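Undergrad: Residue numbering for the sequence shown follows the numbering used here, starting at 676 and increasing by one per position.
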Amino acid sequence: MKDKPLPISIVGAGWAGLTAAVQLCKAGIPVNVFEAGTTAGGRARDVQLKRLSLDNGQHLFIGAYTHILDTLTTVGIDVDAAFDRQPLSLQLLDKNHHRYNLSATQLPAPLHLLSGLFTNNGFSIKHRYQIARLSLQFFHNPNSIAPQRTVQDWLGQHGQDIELIKTLWEPICLATLNTSIKKSSARIFLRVLKDTFLYKKEHSDLLFPTKTLSKLFVEPCVDYINKNGGKVYFNKRVTGLAIDNRKIKGLRFEDKGIKTDEVILAIPPNHCHTLTKPHTEVRELANNLAQFKYEPITTVYLQYPREIQLEQPMLGLLGTTSQWIFDRRACHQPGLMAVVMSSSGHHMDLEREQLADLVKKEISNQFPHWPPAKSAMVIREKRATFCCDTHVEALRPEAQTQLHGLWLAGDYTDTGYPATLEGAVKSGHDCAKLLTGLYQ
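1. Hey, how far is the Cα of Q698 from the Cα of K770?
2. Would H1044 be called buried (16 or more neighbouring beta carbons within 10 Å of its own) or exposed?
3. Using three-state DSSP, classify H1079 as helix, strand or coil.
4. Give me whichever residues DSSP pairs with V706 in a beta bridge.
5. Once you ignore the five residues that flank G925 on each side, which residues in its own chain have a CB closer than 7 Å to its CB?
6. Using the C-alpha atoms, what's the distance from G1020 back to L1033?
7. Does the contact criterion of 3 or more C-beta pairs under 8 Å hold for the region 1051–1063 versus the region 1003–1012?
8. Helix, strand or coil for Y899? Go by DSSP, reduced to three states.
9. Helix or strand or just coil, what does DSSP make of R760?
10. So, with DSSP's three-state summary, where would you put A719?
11. At the 8 Å Cβ level, is R912 part of the contact set with chain C, yes or no?
12. Quick one: using the 10 Å Cβ neighbour count with 16 as the cut-off for buried, is S819 buried or exposed?
13. Which first and last residues belong to the alpha helix (DSSP H) in which L699 is found?
14. With a floor of 3 residues, list each beta strand (DSSP E) that falls wholly inside the region 985–1031, ordered by position along the chain.
15. Does DSSP put A917 in a helix, a strand or coil?
16. Among C1006, H772, L788, which has the Cα closest to the Cα of E1037?
17. Extract the residue ranges of the alpha helix (DSSP H) inside the region 723–792, only unbroken runs of 4 or more that lie entirely within it.
18. Applying the 10 Å Cβ sphere with the 16-neighbour rule, what's the burial state of G1112?
19. Give the DSSP-derived three-state secondary structure of F872 in the structure shown.
20. Sort out for me which residues DSSP pairs D651 with in a bridge.
21. With distance defined between alpha-carbon atoms, name the residue in C1063, Q1077, A1107, K1108 nearest to G1091.
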């Protein structure tokens, strides 16, 4: 093993930084993780609202999230117990109470999806044919699509009419890319569809956590790091990089500095830009980081009596401001519903109370037999994800930078995927793998 006396320094204890630290500790490489805040998890952690421990935004996991599942196994989590795993069944309800259902059968992939189209799923014969026609594109290389082609253009090119796009593909695109189909990248969207539907049937399974995000992933990762040769520090804001002769030499904090010769910046691109822009050695990187745009995600939690529940754990809502509703019963929070609105829109212009009232009204119209919600809590992440538009792939950096000893991890790096938790974890895993190779 190459002699590296100093621990690797990881800036940021979000899902990317924690994963990198876990993988390095697993390989016997010491790490120090420096988190500016008081808790780990970044934008996917627990928050306390009205004496409830809630995710700071509702997330959906799928069977294709293999890097998350592998990391959970590494830190000692029983993944079978950690999720309520169900075969694909995407149900959508329009304002006229007509239901659509995209479900899978027991056949192997990709036949599990195609055969599901022949069930009584609410789609017309014409639209079933259009879905089947598009599924043939799953066999194509996403890089064969022109970089500037949007999801909307790509769907139209392959025979999807406006009604089907509004009913099925737009909700899926918003849920996965958190970006309007009018500007989102068709390349990235196809990669998501391929990984979800093409390779293994279980990749399209829906995984509903039985714990909040901190209990599920964040806290077990922190515990593993602290017990396996690493250390996670809180309230340690990195204010600068010490660089000499195109090499990392240390980190600067508000009160002091430390020596280190390997640094992983596992922080959002805007914060990474702040640390890199003073250094001419990484000027191109800093310039690209400054060009990232962002999209919000809003979650409205509605508390109903504990006996209130959906027929299934999640339901898409069509023609309303509310886009998806999740039943938190699997997370041992009966009666609690999480209503999600992805990307930007008129809902971002509303005050929290106005938005809560609007969502309560929409849910009441869809479920008139439900009693009124007892309380409402609104969580807005204004920079929840990077904007997954047709320009972003040209901006996304690789894990290894041109500066010796400086590495990057985060969902915005060149993973090929949108800004998901799986993308963040994959980036941390890949970055750690590259670093581990230097020590062997």
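By construction, the Cβ of each residue, glycine as well, lies at the ideal position given by its N, Cα and C atoms.
It should be emphasised that the depicted structure is a prediction, and the values quoted were computed from it without experimental measurement.
TA: Answer, in terms of the structure:
1. Locating residue 698 in the sequence shown gives position 23, counting from the first residue. Locating residue 770 in the sequence shown gives position 95, counting from the first residue. Distance between the alpha carbons of Q698 and K770 is about 47 Å.
2. If you number the sequence shown from 1, residue 1044 lands on position 369. Under this definition H1044 is an exposed residue.
3. Translated into the one-based positions of the sequence shown, residue 1079 becomes position 404. Correct three-state label for H1079: strand.
4. Counted from its first residue, the sequence shown places residue 706 at position 31. According to DSSP, which records beta bridges pairwise, V706 is partnered with I683, G905.
5. Position 250 of the sequence shown, counting from 1, holds the residue named residue 925. Once the five neighbours on either side are set aside, the close Cβ partners of G925 are A917, G932, I933, K934, T935.
6. Stepping through the sequence shown from its first residue, residue 1033 is reached at position 358. Stepping through the sequence shown from its first residue, residue 1020 is reached at position 345. Roughly 14 Å separates the two Cα atoms.
7. no
8. The residue you call residue 899 lines up with position 224 of the sequence shown. Helix, per DSSP.
9. Within the sequence shown, residue 760 is the residue found at index 85, counting from 1. Strand at R760.
10. Locating residue 719 in the sequence shown gives position 44, where the first residue counts as 1. Coil at A719, not helix or strand.
11. Among the chains in the structure shown there is no chain C, since it carries only a single protein chain.
12. Locating residue 819 in the sequence shown gives position 144, where the first residue counts as 1. S819 is exposed by the Cβ-count criterion.
13. One-based indexing of the sequence shown puts residue 699 at position 24. Residues 690–701.
14. 989–992, 999–1002, 1011–1017
15. Numbered from 1 along the sequence shown, position 242 holds the residue referred to as residue 917. Correct three-state label for A917: strand.
16. On the sequence shown, position 362 is the one that residue 1037 refers to. Among C1006, H772, L788, the Cα nearest to that of E1037 belongs to H772.
17. 741–749, 754–757, 786–791
18. By 1-based counting over the sequence shown, the position of residue 1112 is 437. Classification of G1112: exposed, given that the 10 Å Cβ count is below 16.
19. For the purposes of this step, residue 872 is taken as the residue at position 197 of the sequence shown. Here F872 sits in helix by DSSP.
20. Since the first and last residues shown for the chain are 676 and 1115, residue 651 lies out of range.
21. Mapped onto the sequence shown, residue 1091 falls at position 416. Selected option, being the one with the closest Cα: C1063.
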